[in-house]
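Student: Under numbering that gives the first Met the number 0, the first residue of the first sequence is numbered 0, with each subsequent residue one higher.
Note that CB positions come from ideal geometry on N, CA and C, so glycine has one too.
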Amino acid sequence: MSPSEIQQRGALRLYNTRTRKVEPFGALRDDRVRMYVCGLTPSAEGHLGHARSFMFFDVLRRYLVHLGYGVTFVQNVTDIDDRSIAAAATSGRDWREIVEAYFQSFKRSMTRLHVLEPDHEPRATEYIGPIQSMIEELIVTGHAYAVADGVYFRVKSFSRYGALSGRNVDELMVGARIAADENKEDPLDFALWKFAKPGEPSWESPWGAGRPGWHIECSAMSRALLGEPFDIHGGGYDLVFPHHENEIAQTESLLPVPPMANFWVHGGLLLFDNRKMSKSLGNFEPLYELLDRHEPQAIRFLFLQTGYRKPMNFTEDSIEGATTGLQRLLAAYDALRRAPPAGQHDEAARAALKPFAARFYAALDDDLNTAGAISVLFDLGSGASGLIQSGAASPAAAFLHEAMALLGISPSERSHKPVIVEYDTSLVTLEGAGTMFRIAAPKDAAQHLPVGTLEALRVDVGGFVALDGDVKAAVNAVIAARQRAKLEKDFGLADRLRIALKSIGVVVTDEKDGATWTVAGG
RNA sequence: GGCGACGUAGCCAAGUGGUAAGGCGGAGCUCUGCAAAAGCUCUAUUCCCCAGUUCGAAUCUGGGCGUCGCCUCCA
């Protein structure tokens, strides 16, 4: 089903933190959406909270592309900050090495989660020039000043300070958690440039050797890569204040006409044990570890079943539920895909699908209600047998594929239907109660597959599993032998073979005309 | 102390004025050598509590209780 039949690009509505309303979304110019999403500060391993945020923006990006926009997606890397310097000091390693290691680990996790690569991934240290120019402009225009330990932004010089986060500058003082600093004119002022202490990494500047403060890199890099105003500025809710408030102050102080960004979009935080998952609180499991324990696509599926703006509590129960649900949905997709092609009821079949597609896209248009959209997919999955009978299997499968692709789910092959070949059960023996599994492929000599071999040969293809061809043939041969045993009513042998396959991670599922097998997940 | 969000079945969760989506789990049935999968059916007279507005409220207003977040580095 072509989206254009039922979709109008202007129907997308998005919550805008800047106005605190859900508003119709449109590109500012050229049919191109310029978006900047605050990325990682790689001074520690990424965690699931990062994954939630970046997966959401990934879906937003995919949907904008789907709607026909060109999209320029920028995600920064704040590769210099106090914590990576501190980590370098305690570990004795170079700070660049530490940052690079965490960043590469994070990138691998993003790939496993099917998060698309940003178009630009600028690093703060690569934009020292533009950062310094911006600071210079702020000094010249009276919005910044240099003192003994660095250059600061003069918060009181920007009248709209606090508008994004709904804070009142006078009341911010009362909180008493803002450390007074003898150098600063005002406790609220924040650093644009920090002078280096001995041994710290630094760059030369007109004011003194040092490094950029947090915030300024985003103002400078978004300006350099997207210009102003751009369409969407995103990040986690915890960035609303002070990070995004400060970005606005820096950028808009130099802008004749605000705003810096049309839409400000913030993703809800992920809780773990009902507490915020956070580096500073220390309550998180490294992302790469979690991805080893759980199917990455199931994590994605789980997250998309909660509204992106809501705080969400991650539990083992919830990920198990999502895993099961996703498997069922993909099973329905497989059934639709494998159904015999429809006859000539093409138009009727497409019409049968239209209500599903309409509901699906209506949900996404409504502030990216992915949870509602997924419920439509489940409805479609439940009705799969009916759709097959009415000859709508093919367009239904095509629609499901498109819908899941939008959500970043790859419904690629996950099961292999073996061809039943010539077999000879005498070639199949079991040794050591399933610890050693000797099998013979139809033509080849016997192969030995110790426990764990298949696991070792797993190849991740779009999150699902394909196997090396020889092993696949071998497994098919065993299954063929089992089919023979079943035909001969030797159910004892059939069961032993199934148990043996299971012991090496292969799950056999009988069907009327044969059997399919999958490699057990997890 | 200031600001903000949230509270829907055993669990997760959609739904912002019209009479409770969906998922997981659970129960039963069908199919099946067995197992699994799949299909069908059932699983909240009710949306934290109280008061109010309304013909009508989970949805709006006021009050209360609870949980969480931001105000300091944080996706």
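To the nearest angstrom, how far is it from the Cα of L229 to the Cα of W263?
Tutor: Residue 229 is actually Phe in this sequence, not Leu. The alpha-carbon atoms of F229 and W263 are separated by roughly 10 angstroms.
Student: What does DSSP give as the partner residues of M34 in its beta bridges?
Tutor: DSSP, once it has assigned bridges, lists F72, I231 as partnering M34.
Student: Have a look at I215 and L191 and give me their C-alpha separation to the nearest angstrom.
Tutor: I215 and L191: Cα-Cα distance of roughly 6 angstroms.
Student: Would you give the residue range spanned by the beta strand (DSSP E) that M311 belongs to?
Tutor: First-last of the beta strand (DSSP E) with M311: 311 to 313.
Student: S212: buried (16+ other C-beta within 10 angstroms of its C-beta) or exposed?
Tutor: Per the sequence shown, residue 212 should be read as Gly rather than Ser. Classification of G212: buried, given that the 10 Å Cβ count is 16 or more.
Student: Let me check one thing: in DSSP terms, what residues is F377 bridge-paired to?
Tutor: According to DSSP, F377 bridges with nothing at all.
Student: Can you find at least 3 beta carbon pairs, one from the segment 65 to 83 and one from the segment 31 to 45, that sit closer than 8 angstroms?
Tutor: Yes, since at least three Cβ pairs between the segment 65 to 83 and the segment 31 to 45 fall closer than 8 angstroms, the two stretches touch.
Student: Going straight from the alpha carbon of E120 to that of K196, what length do you get?
Tutor: When rounded, the distance between both Cα atoms is 29 angstroms.
Student: Could you check the C-alpha separation between A145 and M311 for me, to the nearest Å?
Tutor: Their backbone Cα atoms lie some 42 angstroms apart in a straight line.
Student: Would you report the Cα separation of K275 and G48, rounded to the nearest angstrom?
Tutor: C-alpha separation (whole angstroms): 9 angstroms.
Student: May I ask you to report which of helix, strand or coil DSSP gives G94?
Tutor: Rather than Gly, the amino acid found at residue 94 in this sequence is Trp. Helix at W94.
Student: I'd like the list of long-range same chain contacts for W202, defined as Cβ closer than 6 angstroms, with 5 residues on each side in sequence excluded.
Tutor: Once the five neighbours on either side are set aside, the close Cβ partners of W202 are I127.
Student: Would DSSP call Y62 helix, strand or coil?
Tutor: Of the three classes helix, strand and coil, the one that applies to Y62 here is helix, per DSSP.
Student: Would you list the residues sitting across from F271 in a DSSP beta bridge?
Tutor: Answer is R274, F313, bridged to F271.
Student: By Cβ distance below 8 angstroms, which residues in the same chain neighbour R222 in space, the five residues on each side in sequence not counted?
Tutor: Here the set comprises P129, M133, T250.
Student: For the beta strand (DSSP E) holding D509, just list the boundary residues, first then last.
Tutor: Residues 505 to 510.
Student: Any idea which residues DSSP pairs F24 with across the strands?
Tutor: Its beta-bridge partners do not exist; DSSP assigns none.
Student: Work out the CA separation of E170 and Q296 for me, nearest whole Å.
Tutor: Using only the alpha carbons, I get a separation of about 44 angstroms.
Student: Looking only at C-alpha atoms, which of A372, V505, A493 sits nearest to E307?
Tutor: The question names Glu, but residue 307 in the sequence shown is Tyr. Here the closest residue by C-alpha is A372.
Student: For L163, which residues from the same chain have a beta carbon less than 8 angstroms from its beta carbon, with the 5 sequence-adjacent residues on both sides left out?
Tutor: Same-chain partners within the cutoff: T16, R17, V239, F240, H243, E244, I247, W263.
Student: How is the beta strand (DSSP E) around G149 delimited, first residue to last?
Tutor: Taken as a continuous stretch (DSSP letters only), the beta strand (DSSP E) holding G149 covers 149 to 152.
Student: Report yes if the CB atom of L376 is closer than 8 angstroms to the CB atom of A402, and no otherwise.
Tutor: The answer is yes: Cβ separation under 8 angstroms.
Student: Taking only runs of the beta strand (DSSP E) that begin and end inside the segment 122 to 168, which ones reach a length of at least 3 residues, in chain order?
Tutor: The qualifying runs are 143 to 146, 149 to 152.
Student: Could you give the first and the last residue of the continuous beta strand (DSSP E) run that contains P211?
Tutor: Looking at the DSSP string, the run of the beta strand (DSSP E) that includes P211 is 209 to 211.
Student: With a 10 Å radius around its C-beta and 16 neighbouring C-beta atoms as the bar for buried, classify P258 as buried or exposed.
Tutor: Result: buried.
Student: Residues in the same chain with beta-carbon distance under 6 angstroms from H142, minus the five sequence neighbours each way, listed in chain order, please.
Tutor: Answer for H142: R153, S156, S252, listed in chain order.
Student: According to DSSP, simplified to helix, strand and coil, what is P417?
Tutor: Any answer about P417 is weak, because its pLDDT of 38 lies below 50 and its placement is not dependable; what the coordinates show is given next. The answer is coil: DSSP assigns P417 none of H, G, I, E or B.
Student: In this structure, what does DSSP give as the bridge partners for N15?
Tutor: According to DSSP, which records beta bridges pairwise, N15 is partnered with K20.
Student: Is K193 helix, strand or coil when you go by DSSP?
Tutor: It is a strand residue.
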